[in-house]
Structures are given as C-alpha cells and as structure tokens.
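Peer 1: Input: one structure, supplied below.
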Amino acid sequence: MVQTISPALARRIALAAQGFGRPAAPAPGIRQLGALVDRLGLLQIDSVNVFERSHYMPAFSRLGPYDKAQLDRLSGGAKPRLTEYWVHEASLIPVDDWPLFRWRMQAYRDKAAADDAHWSQDNAPMLAWLLGELAANGPMRASAIEHDANTKRGPWWGWSDVKIGLETLFRWGDVVSGGRERFERVYALPEQVFSTELLDRQVSAADAHRTLISQAARAHGIGTVKDLADYFRLRTEPARAAITDLVDAGELIPVEVPGWGRGGAAGAAWLHRDARLPRRMDAAAVLSPFDPVVWERARALRLFDFHYRIEIYTPQEKRQFGYYVLPVLLGDTIVGRVDLKNDRQAGVLRVQASWAEPTAPADTAARLAGVLRSTAAWQGLSDIEVVPRGTLAAGLAAELD
C-alpha cells in the first residue's frame, strides 16, 4: 500500500531537505558553505544585482550572515571546490559533479554538428584560436581575450564573436570556468583547473541520470517526476527510468500527497529514504527568486499555495508586486513578498514594496523586521527605509521605526 504524506508534512520535508530548520552556526565559514552546496547540489547564478546576486542568497537564507568572500574562495584559486556549468540554468556545482554532465556536453556538441546553421560551423578557426589563447596565456576573461585580439593582431573578431565562441566551448566542456572577476567569468582549459583524476572520470548517461535524480531527491526531500527532473533540467523519460531504478534500490519511496494530482486529487510523488520528517519548522528568511524552494513555480504553488512570477522584464506600469521581489518564508509557510533594493551608495536597504499573503499570521511584520535587520547588516547597510506600497508596508515601517 502506498503511503500518504499530508501536504503540511510534505512542505516541512521539502524545507528540511533544503537545509532549513537547522541550528545556525555563529559564523558560517568554508566548511558550512561547502556542506550546504553539497546538500543543495547547485547554486543558480543570475546577473541581476539590484539587491544581491542570486548565488549568494541561499546560504544567507539558511545559515544567516556570512562572508561572501568565503563562497568566492570555494569557486576560485588553484584547487576550486566549485565550478560552473549549465545545470539548472548557469549554476555553481561541486567540482566532483562536473563529469556527471559529460552526456549534456556531448549532446550540445552533437546538436551543433548536425545543424549547418550553427555558429560553430563557420567559425572553426575562431574556436581553435580561442583554445590556443588559453593554452598560451592561462585562464582569461572574455574581455581580456577580445582586448588581446585587437591590440596584438589588429581588428579581427569582436566581443560578440569571442563571447559566443567561449560559451560554445564552455557548453561542449572544452573550456571550463576558472572562477570570476567582478562577476565576469574566467575561462580556462579543463587541465588548467581540474585534476587528471577528474578529467579521466567517465560516467555513462544512464549512471549520470541516476546520480542526478538521487541528488535531486535528497535536495527536494519529496517531489513529483517533474520536480525531480527539473532540478537538473533532465528530460522526463530518462528521469522516470532513473526513478524506477532508485525505487528498486530502495532509495526512493513511492508516496501520495493529497492535492498534488490533477483537479486537487492525490498525486504520485517520491520520498527520499533519508529525508527528515520534522513535526515543525521554524524558518525565517527572504528567498532569492532563483532559490530551489521557489524556482519551479508550479511546485511553489503546490507546496505553499504561493503564486509567484518574476516581474523584472514586465513594464513598470504592469508590475503587480515590484521589480526584484523576494518571497518571505516564516515557519513552514511563505507569508509575503518584498521588493528589495540595495542602495549601496547611500548605505540603505530600500523596501520598495512589501506584501502579505492572505493567510499571513499577525506577527509577520514583526518577524520580517528582524529578518531585514539581519539582511541589512549582512550587506553592510546602516539603515532600512520602507516605501509605503503594499499591504505589509505600514506594519513593517512601524516595526522598523
């Protein structure tokens, strides 16, 4: 008989699997950050910096204030513990997981080879030149390579060609990330960054999918086929096959969750055997729009009854909640959302708008005020200003006065 998991318990399982509800370290450092990335499997990268870059946010949401330079150390230096690849969009991942995506690198290469219109078909000399530049000079930023092309060889390929070429090689695995400088990716040859042991490691597509679905299940705690497949952007068919293998191995347990199926019926899901089943959850955090808890909008709606859309690209007059809106997690529920702006020059955390969900508890403003004070301190900001926009604004301003 298939076990039934209540929606409330499923919500707590998901949050516990994501690292919420654990005692916070007084000063999270390299060890805690590394363990968190191992738990999550990735940190999604995004260029928007109106408040804070997205890959820095999950650690703050779960561990509290920490030194961002420590996270940078994990992805830079001679022996990085994190690298980048197209995983769930552009993401930081543990270096040891890079071979798990060789099948994806090969798929990108095969697709390009089969497409006569692909950029690489007419630019093989450019790709060879880029590899030669990295071999001769070591890891470089795209802007430095473009500058080198113009100053040493005269006008040749422009920025767009250099960047397209490097990104093509990056997708194919012929070039890897050597860290970032002022958020610009540094490109390197794999042998300049990775160990011979890592480069020699071969993983079949089937084994990689099983490992990735296993990691997704650990990170989600509980999920549908779509939830587990989406974590690493896997196709449904190989994801289903991997789930079947992991059920046979006893690692995944089939369950049902009321309300997770069509029309509000019970829906099929899979529980990781090591998932915690907490009786309560007392989280308090703002979440990045690209946090695994909310990045798949259908899952956020199913777990939290929270309808969430990013409005960055929506014209200002059509935005409902704001520009860079972060969900507010209190307890085991998403209770509101805040549009945050980091005014670094003025030293002010600006709450451009703040909204409570219809079922938000009475102490939402008070608890959120504490979260925002911690957020401002983490960002090195001395003041918080609340714009009078949104259903939570008046109460939040009063709590912060």
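In terms of my numbering, the sequence shown opens at residue 486 and continues consecutively. C-beta: ideal position from N, C-alpha, C; glycine also.
From the DSSP secondary-structure annotation, give me the bridge partner or partners of Y551.
Peer 2: The sequence position of residue 551 within the sequence shown is 66, counting from 1. Answer is none; Y551 lacks a bridge partner.
Peer 1: For G748, does the three-state DSSP call read helix, strand or coil?
Peer 2: For the purposes of this step, residue 748 is taken as the residue at position 263 of the sequence shown. Of the three classes helix, strand and coil, the one that applies to G748 here is helix, per DSSP.
Peer 1: Hey, could you find the ends of the alpha helix (DSSP H) E682 is sitting in?
Peer 2: Against the sequence shown, residue 682 aligns to sequence position 197. 681-685 is the extent of the alpha helix (DSSP H) around E682.
Peer 1: Say whether the region 818-833 touches the region 784-796, bearing in mind that this needs 3 or more beta-carbon pairs closer than 8 angstroms, one atom from each stretch.
Peer 2: yes
Peer 1: How many Å lie between V820 and P846 at the Cα?
Peer 2: Within the sequence shown, residue 820 is the residue found at index 335, counting from 1. Within the sequence shown, residue 846 is the residue found at index 361, counting from 1. Using only the alpha carbons, I get a separation of about 8 angstroms.
Peer 1: So, are the CB atoms of R874 and S839 less than 9 angstroms apart?
Peer 2: Mapped onto the sequence shown, residue 874 falls at position 389. Mapped onto the sequence shown, residue 839 falls at position 354. Yes. Within cutoff.
Peer 1: Tell me where the beta strand (DSSP E) around R566 begins and ends.
Peer 2: For the purposes of this step, residue 566 is taken as residue 81 along the sequence shown, with counting starting at 1. First-last for R566: undefined, no H or E at that position.
Peer 1: Can you give the Cα-Cα distance for G664 and L674, rounded to whole angstroms?
Peer 2: Here residue 664 corresponds to residue number 179 of the sequence shown, with the count starting at 1. Here residue 674 corresponds to residue number 189 of the sequence shown, with the count starting at 1. Each residue's alpha carbon lies about 12 angstroms from the other.
Peer 1: Among the residues of its own chain, which have a CB less than 7 angstroms from the CB of T818, if the five just before and after it don't count?
Peer 2: Working through the sequence shown from its first residue, we reach residue 818 at position 333. Excluding sequence neighbours, T818 sits near F789.
Peer 1: Can you tell which of V647, R524, P723, T721 has the C-alpha that lies nearest to the C-alpha of Q503?
Peer 2: Within the sequence shown, numbered from 1, the residue matching residue 503 stands at position 18. Of the residues V647, R524, P723, T721, the one whose Cα lies closest to the Cα of Q503 is R524.
Peer 1: Write down the C-beta distance between T860 and V771 rounded to the nearest angstrom, noting that I regard them as a contact closer than 8 angstroms.
Peer 2: On the sequence shown, position 375 is the one that residue 860 refers to. On the sequence shown, position 286 is the one that residue 771 refers to. Yes, T860 and V771 are in contact; Cβ-Cβ is about 6 angstroms, under 8 angstroms.
Peer 1: Can you give me the Cβ contacts of E669 inside the same chain, cut-off strictly under 8 angstroms, excluding the 5 residues immediately before and after it?
Peer 2: Position 184 of the sequence shown holds residue 669. The beta carbon of E669 lies closer than 8 angstroms to those of R626, A627, S628 in the same chain, with the five residues before and after it left out.
Peer 1: Mind checking whether A544 and L521 have CB atoms under 9 angstroms apart?
Peer 2: Looking up residue 544 in the sequence shown gives position 59. Looking up residue 521 in the sequence shown gives position 36. Going by C-beta atoms, A544 is nearer than 9 angstroms to L521.
Peer 1: For the region 558-610, which segments carrying the beta strand (DSSP E) assignment without a break, of at least 3 residues, lie completely within its bounds, in sequence order?
Peer 2: 567-571, 575-579
Peer 1: Does the Cβ-Cβ distance between V778 and L737 come in under 9 angstroms?
Peer 2: Locating residue 778 in the sequence shown gives position 293, where the first residue counts as 1. Locating residue 737 in the sequence shown gives position 252, where the first residue counts as 1. Result no, Cβ atoms of V778 and L737 do not sit closer than 9 angstroms.
Peer 1: What is the residue span of the alpha helix (DSSP H) that P675 lies within?
Peer 2: The sequence position of residue 675 within the sequence shown is 190, counting from 1. It spans 675-678 - the alpha helix (DSSP H) in which P675 sits, taken as one unbroken run.
Peer 1: Go to S859, then tell me how far its alpha helix (DSSP H) extends in each direction, as first and last residue.
Peer 2: Reading the sequence shown from its first residue, position 374 is the one you call residue 859. Where S859 is concerned, the enclosing alpha helix (DSSP H) stretches over 849-863.
Peer 1: Who are the near neighbours of A727 in its chain, counting only those whose CB is closer than 6 angstroms to its CB and skipping five residues on each side?
Peer 2: In the sequence shown, counting from the first residue as 1, residue 727 sits at position 242. Here the set comprises H694, R695, I698.
Peer 1: Quick check on D712: buried or exposed, where buried means 16 or more other Cβ atoms within 10 Å of its Cβ?
Peer 2: Taking the sequence shown and counting its residues from 1, the one referred to as residue 712 is at position 227. By the 10 Å Cβ count, D712 comes out buried.
Peer 1: Nearest to N534 by CA position, among G650, Q864, K648, is which residue?
Peer 2: Position 49 of the sequence shown, counting from 1, holds the residue named residue 534. For N534, the nearest C-alpha among the options comes from Q864.
Peer 1: Using DSSP with H/G/I as helix, E/B as strand and the rest coil, what is S699?
Peer 2: As a position in the sequence shown, residue 699 is number 214, starting the count at 1. Reduced to three states, the DSSP call for S699 is helix.
Peer 1: Can the beta-carbon of S689 be found closer than 9 angstroms to that of E537?
Peer 2: In the sequence shown, the residue the question calls residue 689 occupies position 204. In the sequence shown, the residue the question calls residue 537 occupies position 52. Contact flag unset, no.
Peer 1: Can you name the residues that DSSP bridges to M766?
Peer 2: Your numbering for residue 766 matches position 281 in the sequence shown. Per DSSP, none; premise fails for M766.
Peer 1: Is it buried or exposed for G658, if we count other Cβ within 10 angstroms and need 16 for buried?
Peer 2: Residue numbering aside, residue 658 sits at position 173 when the sequence shown is read from its first letter. Flag for G658 reads buried.
Peer 1: Pull up the CB-CB distance for A616 and Y672, whole angstroms please, since I reckon it's below 8 angstroms.
Peer 2: For this step, residue 616 is matched to residue 131 along the sequence shown. For this step, residue 672 is matched to residue 187 along the sequence shown. Contrary to the premise, residue 616 reads as Leu rather than Ala in this sequence. No, L616 and Y672 are not in contact; Cβ-Cβ is about 10 angstroms, not under 8 angstroms.
Peer 1: Secondary structure at N534, three-state DSSP: helix, strand or coil?
Peer 2: The count along the sequence shown starts at 1 and reaches residue 534 at position 49. Here N534 sits in coil by DSSP.
Peer 1: Is it the case that the Cβ atoms of A499 and H792 are separated by a distance below 9 angstroms?
Peer 2: As a first step, residue 499 must be located in the sequence shown, where it is residue number 14. As a first step, residue 792 must be located in the sequence shown, where it is residue number 307. Result no, Cβ atoms of A499 and H792 do not sit closer than 9 angstroms.
Peer 1: Measure the alpha-carbon distance for L585 versus P579 and round it to whole angstroms.
Peer 2: Within the sequence shown, residue 585 is the residue found at index 100, counting from 1. Within the sequence shown, residue 579 is the residue found at index 94, counting from 1. Across the structure, L585 and P579 are spaced so that their CA atoms are roughly 11 angstroms apart.
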